[in-house]
Amino acid sequence: MAERDSAPAGDDGPGSGTAPLVAILTGAGVSTDSGIPDYRGPQGVWRRDPEAEKLVTYECYMADPDIRRRSWAMRGESPVWQARPNAAHEAIARLEGSGTPVRVITQNVDGLHQAAGVPGRKVLELHGNARSVVCTACGARSTMESALARVGAGEADPACLECGGVLKSATVMFGQALDADVLGSAVAVARACDVFLAVGTSLQVQPAASLAGLAAESGARLVVVNAEPTPYDALADEVVREPISEALPALLAALHS
Numbered sequence: 001m002a003e004r005d006s007a008p009a010g011d012d013g014p015g016s017g018t019a020p021l022v023a024i025l026t027g028a029g030v031s032t033d034s035g036i037p038d039y040r041g042p043q044g045v046w047r048r049d050p051e052a053e054k055l056v057t058y059e060c061y062m063a064d065p066d067i068r069r070r071s072w073a074m075r076g077e078s079p080v081w082q083a084r085p086n087a088a089h090e091a092i093a094r095l096e097g098s099g100t101p102v103r104v105i106t107q108n109v110d111g112l113h114q115a116a117g118v119p120g121r122k123v124l125e126l127h128g129n130a131r132s133v134v135c136t137a138c139g140a141r142s143t144m145e146s147a148l149a150r151v152g153a154g155e156a157d158p159a160c161l162e163c164g165g166v167l168k169s170a171t172v173m174f175g176q177a178l179d180a181d182v183l184g185s186a187v188a189v190a191r192a193c194d195v196f197l198a199v200g201t202s203l204q205v206q207p208a209a210s211l212a213g214l215a216a217e218s219g220a221r222l223v224v225v226n227a228e229p230t231p232y233d234a235l236a237d238e239v240v241r242e243p244i245s246e247a248l249p250a251l252l253a254a255l256h257s
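Residues in the sequence shown are numbered from 1 upward in steps of one, following UniProt numbering.
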């Protein structure tokens, strides 16, 4: 096994510098049991309605007011607002609460890891967070709740209250780059961790998927938990196909025992 890097800085308590670091990369499959649909799976949103991709494609969104109006309507109807953490989110929060150094790297934008109790500073949101809104012109941020209230009051395409610019959810759309600082932190975690779990992700979207390979190459034990095969299964020390809400609590309990 390769020599481990020192763990990324964090508040994990006394002695955490030598404790095994567990990194957990989560994808859409972690939140399906919370009622949030998968996007890329066999029954995913993009496969059922390819036109829906335009609503979250930056170039289309910025160029077409009708796309923006449809996007705001879609946001208002999102299942995220009724979703609650499921057994998988809760298992991760329990592991973190046990004193085990944990970092969550998520492709999800629903905020359910934080809702389950994982401190926000330990969650790296690669694709942003749907609960906030950002102005594409001046960068001003506000809550999605306030923006949707404006939509409900009749503003089909609400503009920035600071500068009049185009507003969008604080998520990474197709055609946008990931936040360099967040990605850099995720890379550091992948290099430093002792165990890397890829859970509910197809491991097809780069650069997020490459974190699994980076962790394995750096000497981490790689565990893939996903219903469908992934490009990184051959690198994994263990591949689990059981339902995530059943398999993940058992896997994480074993790490703490």
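For glycine and all other residues, C-beta sits at the position ideal for the given N, C-alpha and C.
Just list the residues that DSSP pairs residue i with in beta bridges.
| i | result |
| --- | --- |
| Ser142 | Val133 |
| Ile92 | The partner list for Ile92 (beta bridge, DSSP) is empty, contrary to what the question assumes. |
| residue 278 | Nothing about residue 278 can be reported from this structure: the residues present for the chain run from 1 to 257 only. |
| Glu125 | Thr106 |
| Val182 | Its beta-bridge partners do not exist; DSSP assigns none. |
| Ala73 | Looking at the DSSP assignment, Ala73 forms no beta bridge with any residue, so it has no partner. |
Apart from the five residues just before and just after residue i, which ones in its own chain have a Cβ nearer than 6 angstroms to its Cβ?
| i | result |
| --- | --- |
| Ala60 | The question names Ala, yet the displayed sequence has Cys at residue 60. Once the five neighbours on either side are set aside, the close Cβ partners of Cys60 are Lys54 and Ile67. |
| Arg221 | Val195 and Asp237 |
| Gly117 | Ala93 |
| Ala137 | Cys163 and Gly165 |
| Leu251 | none |
Evaluate residue i with the Cβ neighbour count: other Cβ atoms within 10 Å of its Cβ, from every protein chain shown; 16 or more gives buried, anything less gives exposed.
| i | result |
| --- | --- |
| Pro85 | buried |
| Gly29 | buried |
| Thr143 | exposed |
| Val134 | buried |
| Ser146 | exposed |
| Gly27 | buried |
| Ala208 | buried |
With the cut-off set at 8 angstroms, would you say residue i and residue j are in Cβ contact?
| i | j | result |
| --- | --- | --- |
| Val123 | Thr106 | yes |
| Arg69 | Asp157 | yes |
| Ala23 | Ala215 | yes |
| Val172 | His127 | yes |
| Asp33 | Ser245 | yes |
Residues in its own chain within less than 7 angstroms of residue i by CB, not counting five upstream and five downstream?
| i | result |
| --- | --- |
| Gly213 | Tyr232 and Leu235 |
| Asp110 | Ser31, Ile36, Val80, Ala83 and Ala130 |
| Gly175 | Thr57, Tyr58 and Glu59 |
| His256 | Leu95, Ser98 and Thr100 |
Q. Would you call the region 170-189 and the region 145-158 touching, i.e. three or more CB-CB distances under 8 angstroms?
A. Touching, no, given that fewer than three Cβ pairs across the two stretches are closer than 8 angstroms.
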